[in-house]
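Okay, structure first, notes after.
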Amino acid sequence: MSLNDEVLPIALTDGRVRVVIENVQPAVDGGRFPIKRVAGDEVVVEADCFADGHDVVACMLKWRAAGAVWKSTPMLPLVNDRWRASFVVDAIGTWEYTVCAWVDPFQSWRHDFARRVDLDDVRIAAATGASLIDECAARCDRKADAKLLRAWALELAQLAADSTADVEALKRVGDDDARAAVACRYPDLRHAFTHPQTFPVTVERERARFSAWYEFFPRSASDDASRHGNFADCEAWLPYVKRMGFDVLYFPPIHPIGRSRRKGRNNTLEARDNDVGSPWAIGAAEGGHTAILPELGTAADFRRLVKRATELDIDIALDIAFQCAPDHPWVTEHPDWFKKRADGSIQYAENPPKKYQDIYPFDFESADWQAMWLALAGVFEHWVGEGVRVFRVDNPHTKAYPFWEWVIARVRALQPEVVFLSEAFTRPRVMHRLAKVGFSQSYTYYTWRNTKQELTAYFTELSRGPGREYFRPNVWPNTPDILPAALQYGGRPVFMARVAMAATLAASYGIYGPAYELLEGQALRAGGEEYLDSEKFERRVWDRTRADSLSEFIAVLNRARRTNPALQSDAGLRFLKIDNEQMIAYAKTSADGANTVVCVVNLDPHHTQSGWVELEQDSLGIQPGQAYQLHDLVTGSHFLWHGERNFVSLDPQRTPVHVMELRSRLKRENDFDYFL
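Under our numbering, the first residue of the sequence shown is numbered -15, with each subsequent residue one higher.
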C-alpha cells in the first residue's frame, strides 16, 4: 500500500500539524450559539494549546467584526497548557473569534539554546539559530524589522564560524531578548492549526445589559375615570417615570382588542358593554398587530410619544404577543395558521385548568408556516419603523425556537439596536434555549425566590453558572399576571425589600406600576396570584401623589444604580456571611475593582433583625487594621467599619435595607507629611 492510499488522521490534511487546541472558552454549546456582550466590553478568551514532545508552542487569538479583516494578538500562557488573550468589541453587531496555534521552531530553538553549556553544542546551535532568524527576516513585512533580523542572523552566523568565540560571546548574541521579540512577530505558520470552529459574539448596546423597566397600561394613564387614557396622557407621565429613574417604559399590547369572547372584569367570561377587555386579545375590525387601538390615538401620536421619550433617554418598549382574538383579520384571512378542534372550530389558548377563550394561538406546524413567519416578522419590522427599539415578547416558549432564531437575526440586520426581552416563566432549559437563540434578556424565577437560601443559590447560578455568557436576567418582583404571596401579606417592608433586591442583585430589573409603588397587594382570591380588579381587564385611575408611595424610595435605588458601576453588571456578585437566617448580605464590585456596593436586607417584614456581617478585606483592597467607611445610599447615613466582622441591625418598619457604597479607606496620621 502506498502512502497516498493510507487514511490520514481525522480532520487533518497535513500530518505535520502537531499542535492540539481544546476547550476554547467562552463558548456556548461549542460555538453553536453566540456569547453576549455590549459595545466596549472586553472578551477574555482561554484555550488549551499543546503539542507532542518538548517543542515550544505558540498561539494567537484571532477576532473580527463579521465580514471584516481578521485581527490577532498573542495569547499568554497560564498553567497546564492553558492560554489567554482578550479583545474589545467596540461596536454593536456580530463578532467572531477563534484560536490559532503552532509548534514554533524559533522559540523552541531559543528555549534549548539558553540551556546549552558545551561549547560545540552552543556553536552548532548558534548556526541553526542564525538560519531560523534569517527565515524570520524573509517573512517580515517591515523593512526596518527585516534589516534588524538579517544583521542579527549575520552576526550570530559569523560568531558561530569563529573558532575563537567562547560560550559567553555566543550566548550574549544569541540570547538577545529585544531582537528575539522582533523575530517572534513573524512566526513560521506553515504547520499552524486554526481551530475549525469560529465562536460568535452578539454585541448589543448597553441597555441590553443594564436597564430599569417600568410597566404601565396606557389606557389607565388618564386622571379621569370616565375617560380612556391615550398617548398624550402617557406623554404627561414621562417626567414621573424619569424622576423615578427608569429608562424603559413598557406598554402591554396597544392594538385593537377583540370583541368576540371578550373577558369581563376580574377575568369573567361575560363582558359588559363598557368592559375594555384584555390587551392580549389582539385584533378586531380596526386591524391587528400593526394597528393601534383607536382610543389610544393615532400613529402620529405614538411617534410623538416615542420622540419625547427618546429625548429623556427613555425607550418605549412594546409587548409583542403572537396570538389573535377571534375577530383578528388573520383568523378569516389565514385560517390555516391556527389549530383546529375536532369539531372544526379554532382551538383557543389554554393551560389547564386555565382557559383563554378570547385568544387563538398560532400553529407553528402549519403547512403555510413560511407565509406566517414572514407576516410575524413584519410586525417587528413595522414597529421598528415607528421608532421602537425594545420589545418584550409574550410567552415566547409557546412558539418554535427556529422561528425566534430566524426573526431576531432578521430584525437585528434591519436595526442592530433592538433589544428583546423574553417573558417565559417556564422550565429552565426552555428559558435558556430562548436566550441562546437570541433574546437579549430573560424573565427569571426571582418573583418566587424569597428565603436567604433560595436567593443565594439562584443568583449564584445566574452570575457564575455557565448561563452567564448568554442568559441575562431581568428580575421583576411583580407583573400584571403575578401578585406573589409575599406582597399580599408582607406590607410595605416587603415591597421595599423586594424592589431593593431586584435593583441591586441584577443589572436589569422591572416593576409593574403604579401597582407596585402604591403597594397594591390584594389578590382576587386566597391562595392565588391574580390581582383583584386587575388592569388586564379594566381601566384604573391611580393617585401617584399618595403620601405612602414608594416612588421616592425607588428613585433613590435607581440613582444608586446609575452612579455605581458595580450595580450595572451581573458579574462581581458575591454573597457575604451573616449569622442570621432572616438577613441576607451581598457585595458587588465593578470589573476594575474601583467601586464596591455592600447590601444587607432584612427578610423579616415584622421584626427588627440583627447580625454580624463578614467582609473579606483582602478582596476589597483594605489592609488589616484599617478602618473604612460605608455610605448608605438609601438613608444617607455613614458607618465606620473596622475588621472583617461588623454589626448590622435593620428595623423593617423604618428601612429594611442597607445599600452602601464602600468609600476609600480612612486616612491615618502616617498618611500626612507631618508624621514623618
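Cβ coordinates follow ideal geometry from the N, Cα and C atoms, glycine included.
Keep in mind the model is a prediction, meaning the values are calculated, not measured.
Tell me whether the beta-carbon of residue i lies closer than 7 Å to the beta-carbon of residue j.
{"i": "Asn548", "j": "Val581", "result": "yes"}
{"i": "Val40", "j": "Ser92", "result": "yes"}
{"i": "Leu502", "j": "Leu508", "result": "no"}
{"i": "Asp299", "j": "Arg373", "result": "yes"}
{"i": "Lys20", "j": "Thr186", "result": "yes"}
{"i": "Val1", "j": "Ala31", "result": "no"}
{"i": "Gly371", "j": "Val290", "result": "yes"}
{"i": "Phe183", "j": "Gly15", "result": "yes"}
{"i": "Phe348", "j": "Lys324", "result": "no"}
{"i": "Ser210", "j": "Arg524", "result": "no"}
{"i": "Leu277", "j": "Pro240", "result": "yes"}
{"i": "Val3", "j": "Val87", "result": "yes"}
{"i": "Ala144", "j": "Ala110", "result": "yes"}
{"i": "Trp264", "j": "Ala305", "result": "yes"}
{"i": "Arg193", "j": "Val402", "result": "no"}
{"i": "Gly556", "j": "Thr573", "result": "yes"}
{"i": "Val540", "j": "Val478", "result": "no"}
{"i": "Arg482", "j": "Gly229", "result": "no"}
{"i": "Arg558", "j": "Leu551", "result": "no"}
{"i": "Met480", "j": "Pro608", "result": "no"}
State the start and end residues of the unbroken beta strand (DSSP E) segment that holds residue i.
{"i": "Tyr340", "result": "338 to 340"}
{"i": "Trp596", "result": "593 to 598"}
{"i": "Asp105", "result": "No beta strand (DSSP E) contains Asp105, which is instead part of the alpha helix (DSSP H) from 103 to 122."}
{"i": "Phe97", "result": "Counting along the chain, Phe97 falls outside any beta strand (DSSP E), though it belongs to the alpha helix (DSSP H) covering 89 to 97."}
{"i": "Arg211", "result": "Element bounds for Arg211: n/a, residue is neither H nor E."}
{"i": "Ala69", "result": "66 to 72"}
Should residue i go down as buried or exposed, given a rule of 16 or more other Cβ atoms within 10 Å for buried?
{"i": "Gly505", "result": "buried"}
{"i": "Asp207", "result": "exposed"}
{"i": "Phe631", "result": "exposed"}
{"i": "Gly(-1)", "result": "exposed"}
{"i": "Ser329", "result": "exposed"}
{"i": "Asp576", "result": "exposed"}
{"i": "Gln354", "result": "exposed"}
{"i": "Gly272", "result": "buried"}
{"i": "His416", "result": "buried"}
{"i": "Thr435", "result": "exposed"}
{"i": "Thr282", "result": "exposed"}
{"i": "Met644", "result": "buried"}
{"i": "Leu646", "result": "buried"}
{"i": "Ser(-14)", "result": "Unreliable positioning characterises Ser(-14) in this predicted model, as indicated by a pLDDT of 45, which lies under 50. A coordinate reading is not provided."}
{"i": "Tyr473", "result": "exposed"}
{"i": "Val28", "result": "exposed"}
{"i": "Asp437", "result": "With the sequence shown as reference, residue 437 is identified as Gln, and Asp is not the correct amino acid for it. Gln437 is exposed by the Cβ-count criterion."}
{"i": "Pro457", "result": "buried"}
{"i": "Val260", "result": "buried"}
{"i": "Arg126", "result": "exposed"}
{"i": "Thr428", "result": "buried"}
{"i": "Gly449", "result": "exposed"}
Give me the DSSP bridge partner(s) of residue i.
{"i": "Lys324", "result": "Ile330"}
{"i": "Phe17", "result": "Val12"}
{"i": "Leu173", "result": "DSSP lists no partner for Leu173."}
{"i": "Trp197", "result": "Val232, Gly494"}
{"i": "Ser56", "result": "Lys46"}
{"i": "Gly577", "result": "In the DSSP output, where bridge partners are listed per residue, Gly577 has none listed."}
{"i": "Gln425", "result": "Leu405"}
{"i": "Phe364", "result": "Beta-bridge pairing links Phe364 to no other residue."}
{"i": "Glu645", "result": "Val581, His615"}
{"i": "Glu6", "result": "Asp32"}
On a CA-only basis, which of the options is nearest residue i? Give me that one, please.
{"i": "Ala499", "options": "Arg509, Gly512, Ser492, Arg476", "result": "Arg476"}
{"i": "Tyr81", "options": "Arg66, Thr57, Phe90", "result": "Thr57"}
{"i": "Tyr430", "options": "Thr488, Arg394, Asp297", "result": "Thr488"}
{"i": "Leu103", "options": "Val63, Arg68, Asp150", "result": "Asp150"}
{"i": "Leu140", "options": "Arg123, Ala397, Ser147, Gly113", "result": "Gly113"}
{"i": "Leu604", "options": "Arg227, Leu560, His590, Val63", "result": "Leu560"}
{"i": "Ala75", "options": "Arg189, Leu116, Ala539", "result": "Arg189"}
{"i": "Val73", "options": "Tyr234, Ala49, Trp367", "result": "Ala49"}
On the DSSP letters alone, give me the boundaries of the alpha helix (DSSP H) that residue i sits inside.
{"i": "Pro450", "result": "Looking at the DSSP string, Pro450 is not in any alpha helix (DSSP H), and its letter there is neither H nor E."}
{"i": "Met415", "result": "412 to 420"}
{"i": "Ala284", "result": "283 to 295"}
{"i": "Thr316", "result": "313 to 317"}
{"i": "Asp161", "result": "161 to 167"}
{"i": "Arg546", "result": "535 to 547"}
{"i": "Thr488", "result": "475 to 489"}
{"i": "Asp129", "result": "127 to 145"}
Sorry if obvious, but does the Cβ on residue i come closer than 6 Å to a heavy atom of the ligand MN?
{"i": "Val643", "result": "Of ligands this structure carries none, so the ligand MN is not represented either."}
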